[in-house]
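If you count the sequence shown from 1, position 448 lands on 447 in numbering that gives the first Met the number 0, and the numbers rise without skipping.
We put the beta carbon where it would ideally sit given N, CA and C, even for glycine.
The structure displayed is predicted, hence computed values, not measured ones.
One structure below.
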Amino acid sequence: MKRSPRRSRSPRGTAAPRWPRKGVAMRSESPADDGVPARGLRPGERPSILPSFLLGVCLVSVAAAENNLPWAIRIDGEPLAAQWASIDERWEIVFQTASGPRTVNAAELVVWGKCSEADRGPWILLRDGGVAVGELRGLDREHLAAESRLFGAVRLPRASVAGLVLRLPGDRDGRDRLVDWVLAGASSARGGEASAEDRARLVNGDELRGALDRLADGRVSWRSGAEPLELEFDRVLAVRLGGAPPRAAEPPGPKPLIAWTGWRDGSRLLVASLATDKNAMRATLPDGTAWTAAAGDLTFLQPLGGRAVYLSDLKPEGYRHVPFLNLAWPFRMDRNAAGGLLRAGGSLYPKGLGMHSASRLTYLLTEPYRRFQAEAAVDDRTEGGGSVGFRVFVDGQVRYASPVVRGGQSPLPVSVDLSGARRLDLVVDFAERADELDHADWLNARLIR
0 MKRSPRRSRS PRGTAAPRWP RKGVAMRSES PADDGVPARG LRPGERPSIL PSFLLGVCLV
60 SVAAAENNLP WAIRIDGEPL AAQWASIDER WEIVFQTASG PRTVNAAELV VWGKCSEADR
120 GPWILLRDGG VAVGELRGLD REHLAAESRL FGAVRLPRAS VAGLVLRLPG DRDGRDRLVD
180 WVLAGASSAR GGEASAEDRA RLVNGDELRG ALDRLADGRV SWRSGAEPLE LEFDRVLAVR
240 LGGAPPRAAE PPGPKPLIAW TGWRDGSRLL VASLATDKNA MRATLPDGTA WTAAAGDLTF
300 LQPLGGRAVY LSDLKPEGYR HVPFLNLAWP FRMDRNAAGG LLRAGGSLYP KGLGMHSASR
360 LTYLLTEPYR RFQAEAAVDD RTEGGGSVGF RVFVDGQVRY ASPVVRGGQS PLPVSVDLSG
420 ARRLDLVVDF AERADELDHA DWLNARLIR
């Protein structure tokens, strides 16, 4: 883990954020002349206060916890402590709340529930980034067969499969790196190493190149050169499948709504549709494959293609990082600053931005948007370390400034008006201990149409 020397003093105390009365505007400092702050929040400085409506987010979250219900963040209105009751193929979702049923179209929903992770394998990694957990039954040149605890016997076209993780590393960073190694060959559109050949990474660190002919009965049949090779499962860490199909051109016009889904066994699947039928849930994948599980096995839902436009799906205009000493950090899309998956408060976040203090990320707004929204946190990777300040500038004027956000704290809701805006800047400042472990996450960073 990269650490910077502890050169700045920890403050004796930091003023607690003050909740404003309704209608009171936020106050903040003017931005630095060069556009990137060279300092953090001063010890004892009062951070800019948050909009009063965000208090409702905290109160609703507490209510959800008391009722042991997941919570749903809607595009407009307060979050709901709710359990879904039904979903149809038009993406109409009926939520059951304490005050009765509420119907929400998925296009009006940011996220519902909690995305968990599997702590055991094997993992089947799909080319769209999905993860299916299941016991492998067979893989040939056309199909993959597996047995899932939730979905039963499943069958996938080999062309939809990016690869396999047969043995999970014990640490999350190791898992993330291994998954990214497999997905790097999923498509040249990812900027990876897409090629026709398959690769296998062995437990001893060796890597094989060639062709995976068959996988069955606990053995991997590998062809590399003239001699075929038989490997036991327990010798193979992961397999990357080559032959990634070229990325199809997207048709003009609006994109159909799809969604990330999370399941009780830790599977994460991108789906084209969901539909309930009595006590069953049918999930249709983008390639048309349909899987069915018990309705209660769905634990997470994040629609894509609705009114929320995620910044990680857009190209920024510019990025600038001012290191505390000389270690430069890039920004990351749908990853934390170190390149791992976004995690905060014990949950996994499929969408968001990872940055490091002190830095600024700029987007030009080429179409009208109503609001910028996100949840701000220090990534769980720091194990409670790190402290940063988050600021949002709209057309060069500060519109939001957080209190000091420390590792281990719950994500902090952010919402900023974008009426008539042409430029959006996201800034991460130093705070209490120089830049030590300042892995800042803009979780679910989104523009609202």
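Can the beta-carbon of Ala210 be found closer than 7 Å to that of Arg222?
yes
- Return helix, strand or coil for Glu229, following the three-state DSSP convention. strand
| task | Identify which residue in Pro285, His320 and Arg390 has its Cα closest to the Cα of Ala400. | result | Arg390
*asked:* Judging by CA-CA distance, which residue of Asp428, Glu316, Glu382 and Leu417 is the nearest neighbour of Gln408?
replied: Glu382
Selected residue, minimal CA-CA separation from Ser147, among Leu360, Ala258 and Gly265: Gly265
TODO: Could you tell me whether the stretch 267-279 touches the stretch 167-180, using the rule of 3 or more Cβ pairs below 8 Å?
DONE: no
Exercise. Which residues mark the beginning and the end of the alpha helix (DSSP H) in which Asp197 is found?
Worked result: That residue, Asp197, is in no alpha helix (DSSP H); its beta strand (DSSP E) goes Asp197 to Leu201.
Give me, in chain order, the residues of the same chain whose beta-carbon lies closer than 7 Å to that of Gly452; leave out the 5 immediate sequence neighbours on both sides.
No answer is possible for residue 452: it lies beyond the span of the chain, which begins at 0 and ends at 448.
Item to check | Val321 in three-state terms, based on DSSP | outcome: coil
In its own chain, which residues sit with a C-beta less than 7 Å from the C-beta of Gly129, not counting the 5 before and 5 after it?
Arg267, Leu268 and Leu269
Per DSSP, cross-strand counterpart(s) of Phe371
Val415 and Leu446
Exercise. Take Arg422 as the anchor and find which of Ala158, Val393 and Glu196 has the nearest alpha-carbon.
Key: Val393
Exercise for review: Check Asp212 in the structure and name its three-state DSSP category.
Suggested key: strand
- Item | Length of the line joining the Cα atoms of Leu155 and Leu165 | 17 Å
Secondary structure of Leu177, DSSP reduced to three states
helix
Nearest by alpha-carbon distance to Ala185: which of Leu163, Val427, Leu167 and Glu206 is it? Leu163
* To do: Please classify Glu68: does DSSP put it in a helix, a strand, or coil?
  => Going by the sequence as given, residue 68 is Leu instead of Glu. Leu68 falls in the coil class under three-state DSSP.
*Reduced DSSP category for Asp276 - H, G, I as helix; E, B as strand; rest coil*: strand
What three-state label does DSSP hand Glu107 in the structure shown?
helix
Notebook entry, point to check: When the cut-off is 7 Å and only beta carbons count, does Gly209 lie next to chain C?
Noted result: Protein chains in the displayed structure number just one, and chain C is not present.
| message | Excluding the 5 residues flanking Val110 on each side, which residues of the same chain have their C-beta closer than 6 Å to its C-beta? | response | Ile72 and Gln301
**Closest by C-alpha distance to Tyr309, when choosing among Asp437, Glu431, Asp127 and Leu364** = Leu364
**OP:** Would you list the residues sitting across from Ala117 in a DSSP beta bridge?
**Re:** Answer by DSSP bridge pairing: none, since Ala117 is not bridged.
Considering Cα atoms alone, identify which of Glu91, Ile86, Asn67 and Val103 is closest to Gly76. Val103
| request: Assign Arg306 to one of three DSSP states: helix, strand, or coil. | output: coil
First and last residue of the beta strand (DSSP E) that includes Pro315? Counting along the chain, Pro315 falls outside any beta strand (DSSP E), and DSSP gives it neither H nor E.
Relative to the C-alpha of His142, which residue among Ala158, Leu149, Gly395 and Ala152 is closest? Ala158
- Please find out if some non-hydrogen atom of the ligand ADP comes closer than 6 Å to the beta-carbon of Asp216. Absence of the ligand ADP from the depicted structure is noted, as is the absence of any ligand whatsoever, leaving it without description.
- Query: Considering only residues of the same chain and omitting the five flanking positions on each side of Ser451, which have a CB-CB separation below 8 Å?
  - Reply: This structure gives no information on residue 451, because the portion of the chain shown stretches from 0 to 448.
message = Rounding to the nearest angstrom, what Cα-Cα distance links Pro121 and Arg239 in this structure?
response = 14 Å
For Leu135 and Ala152, I'd like the C-alpha separation in whole angstroms.
10 Å
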